[in-house]
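Okay, so here's the structure we're looking at.
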DNA sequence: AGCGTCAGGGCAACCGTTTTCCTGATTTTC
DNA sequence: GAAAATCAGGAAAACGGTTGCCCTGACGCT
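Protein chains in written order, with the UniProt record's numbering: chain A, 1 to 347; chain B, 1 to 347.
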């Protein structure tokens, strides 16, 4: 019953298949690929011979002839990490559906390794390259004038002509603020990561503008720090000690938000009744681990990976897309912004 | 200055290099590969021509002749996740150093996808396959009688003849208990994941045996639940409500440990003074986010990935290794088991 | 001067597959 | 019934690179 591939021991070639079926290799090729004009009976005979031998066409030989490898390279510039994974999954998804295989290259933020990988990928004649990674800023292109298309995913290229797919972080920040406004909060503050990080300024600016559009001002000056729970706790302390009158915090990451949540909770503030909380990243382990579960902005990394792969496929097929494409974010509401049905007295 | 690969536009072939250098293609090949006997001057001339044209040998053509592709497939059976990443990094590390490229395949726990990927990898004539993934039990082999070597990493094959590299989880549990004993704890309890999970029983058994070897009994019956912070908090509640007299908890995961830490802390127990805590996985975000920072068992996933890759390379080179190899764990001490210098009064 | 030796490098086969061109054989058409 | 059209399948070139074999010419030796 369970034969699967158990009969493949030594890989067989098409000439062996042809010999077994009593035809020439050319005919065998046509039979297996549905080309040429063959008697149905012959075609069948070849197919059965191929089946019997467990024949799988040698991709190298095939690509040598066709010039295409149905293979792409994926270079992660920083190490494979939390952000790269969904990107890779999304890309692998779209590419796998297109029968493409993916070469994985982890450049670890080392330009030498990166150039080495680019050379390797070119020698393997990949049909295209996807570059992913996390950076504080747009990155320099991996190389000028490559013979294959390149798409940047999540990270963006500093050359505006290059094709980049990135999250619309301003959109994400806007959604966060608008959600807080929609549940009636007005005294909102932003706690986020290091100021030199591009994402940080984009999000902070968009948040401020969204408030301003409603005629509101931040309830306190934006707090910049690092991407950690510890900073979130510290920030909560700062907010409490300055006695700022706030009813919502929009955080630059879920980790920060979780820290803020802990800090506020331990000071006796109820979330979401006293202070509503919105995070950023929608990182499952953080949003679920937080108490209460955290409303967060999802950048749809998987979608970004998928889109990047689709654009790459399009470019490979002769329809290159240039410039940067920003994909909208999504707000995932959870308990940290759930307005209590009945305000009631504090317990 | 910054030429890098800017001159490669259309990939050039060795015959173009040969023509430019004024030699035959065979000679050019020998010059570039250090074969045959050539005048140093000729060799240099060819090398310069290759440089000038940005020549990179077509890997497909080369492998067609040599039969080797310097390529391996890596199949993750469950989705790419927290466990797969370090494994992949480790494997990629060892393989990259051996000039091998890695095909990434995410089978998503779908046997159909998995078989599809196996076929694809075989058609691409990979030199070997690494299978990784997380499972509650050993898995059935991906396929019988493959023409290339296979190594299982982290996950193990149910066929004892197959080569598997796994963490020695019993060793990890032993180290955890011994560490707790070493800092003077005697009333130890184990809080862990679902009982049907193979890892859970292995760790629990080893923990119990280590205690027994010291003539001790668990301070409470082992608590089985799920791999979540919520379960950790719940377990803390159970321990507190039953009034069990404990001075240490060994947890089956860092998430559980973090939950336990929160639960105990909120009940006024001091960690590590009243209760010491050891987690499992050494997952950075958990051990750092916990308060206090969590002592944990590191399974050295990267080392497992690296070892698996090395064994695969050995097999490819004709030295196959059979059977299961268990790598020791490592205890990483942090504040949650740091014995206070001065017991002093509680604050 | 003639022969042997060896370095240098060209030639061609080969890897496995696809595809074009071509040849017989069969069928259709007038 | 003969010419034309169609069909089935074979032969061979091509993809790009490597390598064993062989040829050529220069040099050294007697």
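For each residue, glycine too, the CB sits at the ideal point set by N, CA and C.
Comparing alpha-carbon positions, the option among B:256, B:155, B:141, B:95 lying closest to residue 78 of chain B turns out to be B:155.
Taking C-beta atoms as the reference points, residue 12 of chain B and residue 18 of chain B fail to come closer than 8 Å. In this chain, residue 19 of chain B is not harboured by any beta strand (DSSP E); it is covered by the alpha helix (DSSP H) spanning 14-21. By the CB criterion at 8 Å, residue 225 of chain A and residue 235 of chain A fall inside the cutoff.
Annotation: the continuous beta strand (DSSP E) that includes residue 128 of chain B extends over 128-132. Under the rule that a run must span 4 or more residues, the alpha helix (DSSP H) segments found entirely inside the region 178-252 of chain B read 198-213, 229-241. Cβ neighbours of residue 29 of chain A within its own chain (closer than 8 Å, five residues either side excluded): 14, 35.
With its beta carbon at least 8 Å from every one in chain B, residue 271 of chain A lies outside the interface. Taking the beta carbon of residue 149 of chain B as reference, no residue of chain A falls within 7 Å; the closest one sits roughly 13 Å away. Shown here, residue 333 of chain B sits in coil according to DSSP, grouped into three states, outside any helix or strand.
In the structure shown, residue 116 of chain A falls within a helical segment according to DSSP collapsed to helix, strand and coil. By the rule that beta-carbons nearer than 8 Å mark a contact, residue 219 of chain A does not touch chain B.
Residues 134 of the same chain have their beta carbon placed closer than 8 Å to that of residue 81 of chain A, with the five preceding and five following residues left out of the count.
If you look at residue 71 of chain B, you'll find it in the beta strand (DSSP E) that goes 71-76.
Within its own chain, the residues whose Cβ lies closer than 7 Å to the Cβ of residue 21 of chain B, once the five positions on either side in sequence are excluded, are 28, 45, 46, 49, listed in chain order. Below 8 Å, too few C-beta pairs join the region 81-96 of chain A and the region 53-67 of chain A to call them touching: fewer than three. One finds 60 in chain A with Cβ atoms closer than 8 Å to the Cβ of residue 69 of chain B, taken in chain order.
Per DSSP, reduced to three states, the secondary structure at residue 305 of chain A is helical. As computed with DSSP, residue 165 of chain A is found in a beta bridge with A:153, A:325. Short of 6 Å from the beta carbon of residue 253 of chain B, and not among the five residues preceding or following it, lie these beta carbons of its own chain, in chain order: 227, 280, 281. When the beta-carbon positions are compared, residue 214 of chain B and residue 240 of chain B stay at least 8 Å from each other. Not one beta carbon of chain B lies nearer than 8 Å to the beta carbon of residue 35 of chain A. Shown here, residue 138 of chain A sits in coil according to DSSP, grouped into three states, outside any helix or strand. Contact of residue 310 of chain B with chain A by beta-carbon distance below 7 Å is absent, the smallest such distance being about 17 Å.
Annotation: the region 273-307 of chain B contains the following complete segments of the beta strand (DSSP E) (minimum length 3 residues), in chain order: 276-280, 295-298. Think of a sphere of 8 Å around the beta carbon of residue 254 of chain B: no beta carbon from chain A falls inside it, the nearest being about 10 Å out. Using a 10 angstroms sphere on the CB of residue 290 of chain B, the tally of other CB atoms reaches 16 or more, which defines it as buried. DSSP places residue 101 of chain B in the strand class (E or B) of the three-state scheme. By the C-beta criterion, the region 121-129 of chain B is judged not to be in contact with the region 265-285 of chain B, since fewer than 3 inter-stretch pairs fall below 8 Å. Residue 275 of chain A and residue 232 of chain A have their C-alpha atoms roughly 14 Å apart.
Linking residue 260 of chain B to residue 51 of chain A through their CA atoms gives a straight-line distance of about 57 Å.
Within chain B, the residues whose beta carbon sits less than 8 Å from that of residue 11 of chain A are 122, 125, 147, listed in sequence order. Shortest Cα-Cα distance from residue 166 of chain B to any of B:138, B:297, B:143, B:186 involves B:138. Of all residues in the region 232-256 of chain B, only 255 come within less than 8 Å of chain A when Cβ atoms are compared, listed by chain position. Residue 171 of chain B sits in a helix when the DSSP states are folded into three classes. Bounds of the alpha helix (DSSP H) holding residue 256 of chain A are 254-266.
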